[in-house]
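Written below as structure tokens is the structure these notes are about.
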Amino acid sequence: MTDIHPQIPALRTLQRQDRRLTSLEKKLGGIPARISGLDSDLHKLEQLLVAERGKLEETRSFQSRQENQLHDEEDQIRNSKAKLGQIKTARELNAQQRELETTRRMVQTRTGEISKLQDAVSKTEQQIAKMEAQLSALRSAAEAEKLRLAAERTYLEENIDKARKLRAKSVQGIEREILANYERIRKRLGGLAFVAAHRERCTACKMMIPHILYMRLLKGREILPCESCGRLLYWSGHFPEDHEKHETLKPKPAEDVVPGVPEF
Ligand SMILES: [Zn+2]
């Protein structure tokens, strides 16, 4: 460890800081979408409630029109009955009785319909009460979640600030040319630019490293690129922590790995 290129541990530290920084920034960047998701869920339920209340109003107003018509028909029956006593001829009596019968049938049908409308009104009222309870629960949950997200945002912002300061310090210890190379690869390959070579494979692209190149990495005196993905390599064996990590990781087949996507 003592005679390896001093830029190796420096770059490794920078890469670890960048990984953490990217992860923190990604979490922070996801917060607005989570807040608007909460608002959108609330809005959807509010709209459903508005529609349900509209339906209730319509049914109630239809029911009230039916009830008015029923009253009119009942008045009609009373009038017809009163008239029956004053009728002189059998023909007039027949006509009056037929009219009375028709009105009675209408009253019967309408009474049945009003009862069905009343059932529909009760059902919609129950549905509205259920939705109001859901909405109220959702509002409380959303408020609590927003408070939690606000706290998370503060935490992330503070930590991003700290991480950026640490990074600025680390960058000072890295040679300009190596840093420029590192930044270029990081930009091109989505974050990972300095990766371990472990058991003769690049741990980022999982491709085999030619034996001669691997031997040079083992010596730790140079920073060399992976011939497959172009990332800069160091040997995992120089850092027991990295060696352990890659020993315990299950090897993934090369086709499952999307090039350039960092594994956080
Ligand atoms: Zn590679």
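Those letters in the sequence shown? Residues 1 to 264, per my numbering, in order. Beta carbons are placed, not taken as given, at the ideal position from N, Cα and C, and that holds for glycine. Note that the coordinates shown come from a computational prediction; the quantities given were computed from them, not determined experimentally.
In terms of Cβ geometry, residue 231 and residue 189 form a close pair [threshold 8 Å]. The way I'd put it, the segment 76–85 does touch the segment 94–104; three or more beta-carbon pairs between them come closer than 8 Å. Shown here for residue 125: same chain residues with a beta carbon closer than 7 Å to its own, the five before and five after excluded, namely 56 in chain order.
Per DSSP, the beta-bridge partners of residue 225 are 232.
The three-state reading of DSSP puts residue 239 in coil, since its state is none of H, G, I, E or B.
Judged by DSSP secondary structure, residue 198 falls within the beta strand (DSSP E) whose first and last residues are 194–198. For residue 215, the enclosing alpha helix (DSSP H) stretches over residues 211–219. Along the segment 115–203, the alpha helix (DSSP H) occurs as fully enclosed runs of 4 or more residues at 176–188, listed in sequence order. Judged by DSSP in its simplified three-state form, residue 208 adopts strand.
Following the DSSP letters along the chain, one finds residue 8 inside the alpha helix (DSSP H) bounded by residues 7–84. Exclusion of residue 236 from the 7 Å shell around ligand 1 follows from its C-beta lying no nearer than that to any non-hydrogen atom of the ligand.
Exposure of residue 155 is indicated by the presence of fewer than 16 other C-beta atoms within 10 angstroms of its C-beta.
Set against 7 Å, the gap from the CB of residue 204 to the closest heavy atom of ligand 1 is smaller.
Inclusion of residue 62 and residue 28 in the CB contact set at 8 Å is not warranted, their separation being larger than that value. Taking the C-beta atoms as reference points, residue 17 is found nearer than 8 Å to residue 166. Contact between the segment 133–151 and the segment 34–46 is present: three or more C-beta pairs spanning the two stretches fall below 8 Å. For residue 231, the shortest separation between its Cβ and any heavy atom of ligand 1 lies below 7 Å.
Using a cutoff of 7 Å, the CB of residue 208 does not count as near ligand 1, since none of the ligand's heavy atoms is closer than that. The residue from 12, 200, 4 with its alpha-carbon nearest to that of residue 241 is 12. A residue is called buried when at least 16 other Cβ atoms come within 10 angstroms of its Cβ; residue 163 meets this threshold and is buried.
In the displayed model, residue 89 falls within coil according to three-state DSSP, outside both helix and strand. Short of 6 Å from the beta carbon of residue 186, and not among the five residues preceding or following it, lie these beta carbons of its own chain, in chain order: 193. When DSSP states are grouped into helix, strand and coil, residue 249 belongs to the coil group.
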